[in-house]
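Here is the structure we will look at, set down as structure tokens.
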Amino acid sequence: MNSIILKRSIYPLFLLFIAYILFSSDDAKVIIAGVAVFLIGMVFMEDGFKLFSGGMLENILKKSTSNVPRAIGTGFLATSLVQSSSLISIIIISFLSAELITLSGAIGVVFGSNIGTTTTAWIVSAFGVKIKIAQFAMPMLIFGVIFRFNKHKTYQGLGNILVGLGFVFLGISFMKDGFDALKNGLDLAQFAMDGYLGVLVYVLIGAFATVVIQSSSATMALIITALATNQILYFNALELAIGANIGTTVTAVIGSLASNKNGKRLAVAHFIFNMVTGFIAIVFLYQLADIVTSLSSTIGIADDDYAMQLALFHTIFNIIGVLVVAPFTSKLVKFLEGLFVDKREDITRAKYLDKAVIEVPEVATLALKKEIIHLYDNATEVLSHALSLHRHTYIGMGDEMSKVVQSCVTKIDINIDQFYERKIKTLYGEIINYATLSQESMSVEDQHKIYSLKIACRDIVEAIKDVKILQKNVNKFLKSKNKYIKMEYNFLREEIAKTLDGIHTMRSNDSDDFDILAKIKLLKENLNSLDMIENGRIDTLIRNNQIETKMATSLINDSVFAYEISKKLIDVATILWIEDREIQELGEV
Amino acid sequence: MKLEKLFKKVESFFCMDRSQRYESDEKREKLINSLSKKIDSMKEKIKKLDDEEKKDNMKKELDVLKGLKNRLDKENEDKFKN
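Chains W and Y, in that order, give the protein sequences.
With our numbering, letter number 574 in the first sequence gets 597, and the count goes up by one each step, no holes.
With our numbering, letter number 25 in the second sequence gets 506, and the count goes up by one each step, no holes.
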């Protein structure tokens, strides 16, 4: 009870505390407003890169993580460019969930991303505190807003990036002005602490500030501006930077609590890495500071340019962390896989729909596609069993298909309603829900992709409903003494099996979009054989008195169901396995 | 000047005003080119194949793609005429 009251009062107390600071000090108000504007800028930049990269970022991350050193390089470059390690983390977790990259590759990206995030410190120390950065912010904001009104996604993205950068620069300028003014009233440097007690206190302050602000980049900007205005001592700034590095992992770990096992594994890897790095930096703080001093003079950083020296320190201790931890990546992977064990796969639930990536259009679309393939695989089981077939007996049989289908006549006991409730309905619901939520943050073009995926999902479910009706007569006529009707129902089963086999072949082979398109077109041509009235098949059977009238009407109706099932499956394959939208449209005609 | 007109002027200044039709024509042109390349590469593959069954299947697929290319070419010609 007490803990609930405590939890509920933390947030209002925090707001009251902030309000008190804002009213009691004008300078603090400017600094805090600077942090707020900086954070808004980061949000705009992240959104901008999501739109601007148009999937390029995801492609780079997907293809460049084959080994740990490569993954580290990719993580570094991507984060330096995007200036958001959280965006990179989100994409990486989704790829890990979709099994597009390995855990060691993902860990490599996290290591690289940690080095990449130090570029923010370089930007702030090189430009933010040396020139009147607010002057650059204004044109960026103006052009950014103009671009945001453009109808093209790329320009909207560019607009967001410019607006984001403008706000980041404005935020830094506010922080700097705030600290400059604060110096006249209150000198924070008087709270400087020496020795290892000082180290611990300042590391904790840095970590706490990052947990509260939820961004190590914003904390670093705050530290650098405070240092540049002599509000804190150089050594205390180094300690705060170490704290910021530790604090950021707390945010990641808290964020991963609601995530799947991959998200948790990656968050723990991040936590371990930053803890080890932080420990090394604390133990060897003075030696590292000496290295920074000697390196600074080598690369031309002035002796009194502490802001740049802090940026250098931030980069060096992260590089050392990578050098120390990276050789143990395979051991770390084993440990993490043991820590979060794969539970026995529940095929009735969604495997790939991670809520953490729902706002990244490319990644959410990919997750949805994977999940619908999962649904399709569940559906092929019920479709086959309803026709008294097992997938392993007819898949890949080619010309032997007819013989195989004729030999499988033993009824498979399957209650389609139960199967639907157990293996389809929940998954279907989860997919539709995820698709609808993901559409909210998407462009019109991406929304169209999601719409197609929803259609594919609906077609799969409709095919199951159709096979339920077909199942009754299949079971009935497979036992019939009339060899002609038996033959006809075997033909219907064979045609559906051929469609399923054709789709299986096209997705398992090394096929490109055109190969798949050609196969789909051939499958569609084959569908005409199921039109019993047009091809005259039914007329021949009636005319020759080979089947009774009742049988004929059942056959006509059921051939329509077989046609519909096959057609829907082909449409699903077009959406799921042809990547290019233009080629997909050729398949739809 | 209306805001909309101003944006249009800015768009044309930055060459951002390519019409959707132009873009779709460009995409269509690319599609036909890559389809031609695919047809050529399939022809080469068929020549090299020894397995008769695979050869027949690939020939059928090639015919489908040729049919599609003819259709696209015709559509383009008609558009040009109009």
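Here a beta-carbon is modelled for each residue, glycine too, at the ideal position from N, C-alpha and C.
### Query
Are at least three pairs of beta-carbons, each pair with one atom in the region 326-336 of chain W and one in the region 133-151 of chain W, less than 8 Å apart?
yes
### Secondary structure, alpha helix (DSSP H): runs of 4+ residues fully inside the region 307-353 of chain W
308-322 and 329-348
### Query
What residues from the region 529-549 of chain Y come within 7 Å of chain W, judged by C-beta to C-beta, listed N to C?
541, 542, 545, 546 and 549
### Query
Going by the beta-carbon positions, is the gap between residue 409 (chain W) and residue 494 (chain W) smaller than 7 Å?
yes
### Task
Verify the CB distance criterion: does residue 541 (chain W) have a CB-CB separation below 7 Å to chain Y?
yes
### Message
Give me, in chain order, the residues of the same chain whose beta-carbon lies closer than 6 Å to that of residue 554 (chain W); leave out the 5 immediate sequence neighbours on both sides.
### Response
none
### Message
Counting only Cβ-Cβ distances shorter than 7 Å, please list the residues of the region 504-517 of chain Y near chain W, keeping chain order.
### Response
508, 512 and 516
### Query
Helix, strand or coil for residue 397 (chain W) per DSSP?
helix
### Query
How should residue 293 (chain W) be labelled, buried or exposed, when 16 other C-beta atoms within 10 angstroms of its C-beta is the threshold for buried?
buried
### Query
What separation, rounded to the nearest whole angstrom, lies between the Cα atoms of residue 134 (chain W) and residue 92 (chain W)?
10 Å
### Task
Report the rounded CA-to-CA distance for residue 186 (chain W) versus residue 166 (chain W), giving the unit in angstroms.
8 Å
### Task
Look at the alpha carbon of residue 312 (chain W) and the alpha carbon of residue 54 (chain W), and state the distance between them as a whole number of angstroms.
28 Å
### Message
According to DSSP, is residue 383 (chain W) part of a helix, a strand, or is it coil?
### Response
coil
### Message
Can you tell me whether residue 221 (chain W) is helix, strand or coil according to DSSP?
### Response
helix
#### Entry: Contacts around residue 200 (chain W), its chain only, beta-carbon distance under 7 Å, and the 5 residues preceding and following it disregarded
53
### Endpoints, alpha helix (DSSP H) assigned at residue 251 (chain W)
239-251
### Query
Should residue 306 (chain W) go down as buried or exposed, given a rule of 16 or more other Cβ atoms within 10 Å for buried?
exposed
### Query
Mind pulling the chain Y residues with CB within less than 8 Å of residue 550 (chain W)?
Under the 8 Å cutoff, chain Y gives no residues; its nearest Cβ is about 14 Å from residue 550 (chain W).
### Message
At the level of alpha carbons, what is the spacing between residue 28 (chain W) and residue 234 (chain W)?
### Response
21 Å
### Query
So residue 497 (chain W) and residue 507 (chain W) are in contact, right, with Cβ under 8 Å, and what is the actual spacing, rounded?
About 15 Å; that fails the 8 Å criterion.
### Task
Between the Cα of residue 394 (chain W) and those of W:309, W:422 and W:446, spot the shortest distance and give me the residue it belongs to.
W:446
### Task
Would you mind sorting residue 650 (chain W) into buried or exposed? The rule is 16 or more other CB atoms within 10 Å of its CB.
No answer is possible for residue 650 (chain W): it lies beyond the span of chain W, which begins at 24 and ends at 612.
### Task
Please go through the same chain and pick out, in chain order, the residues whose beta-carbon is closer than 8 Å to the beta-carbon of residue 628 (chain W), but skip the five residues on each side of it.
As shown, chain W starts at 24 and ends at 612. That puts residue 628 (chain W) outside it, with no answer to give.
### Query
Near residue 239 (chain W), which residues of its chain fall below 6 Å by C-beta distance, leaving aside the five closest residues on each side in sequence?
233, 267 and 271
### Message
Buried or exposed, going by whether 16 or more other CB atoms sit within 10 Å of the CB of residue 326 (chain W)?
### Response
exposed
### DSSP-derived helix/strand/coil call for residue 293 (chain W)
helix
### Task
Within its chain, find whatever has a CB closer than 7 Å to the CB of residue 396 (chain W); leave out the 5 residues flanking it on each side and keep chain order.
599
### Query
Thinking C-beta only, is residue 264 (chain W) closer than 7 Å to residue 276 (chain W)?
no
### Query
According to DSSP, is residue 419 (chain W) helix, strand or coil?
coil
### Task
Pull up the CB-CB distance for residue 197 (chain W) and residue 66 (chain W), whole angstroms please, since I reckon it's below 8 Å.
That pair is no contact at about 16 Å.
### Task
Give the C-beta separation of residue 582 (chain W) and residue 515 (chain W) to the nearest angstrom, bearing in mind that I take them to be a contact with Cβ-Cβ under 8 Å.
6 Å
### Message
Does the beta-carbon of residue 229 (chain W), which I'm using as the reference point, lie nearer than 6 Å to any heavy atom of the ligand SAM?
### Response
For the ligand SAM, the structure offers nothing, since it holds no ligand at all.
### Task
For the alpha helix (DSSP H) containing residue 538 (chain W), list its first residue and its last residue.
536-549
### Message
Check whether the region 343-360 of chain W and the region 250-263 of chain W touch, using three or more Cβ-Cβ pairs below 8 Å as the test.
### Response
no
### Task
Establish whether the CB of residue 590 (chain W) and some CB of chain Y are separated by less than 7 Å.
no
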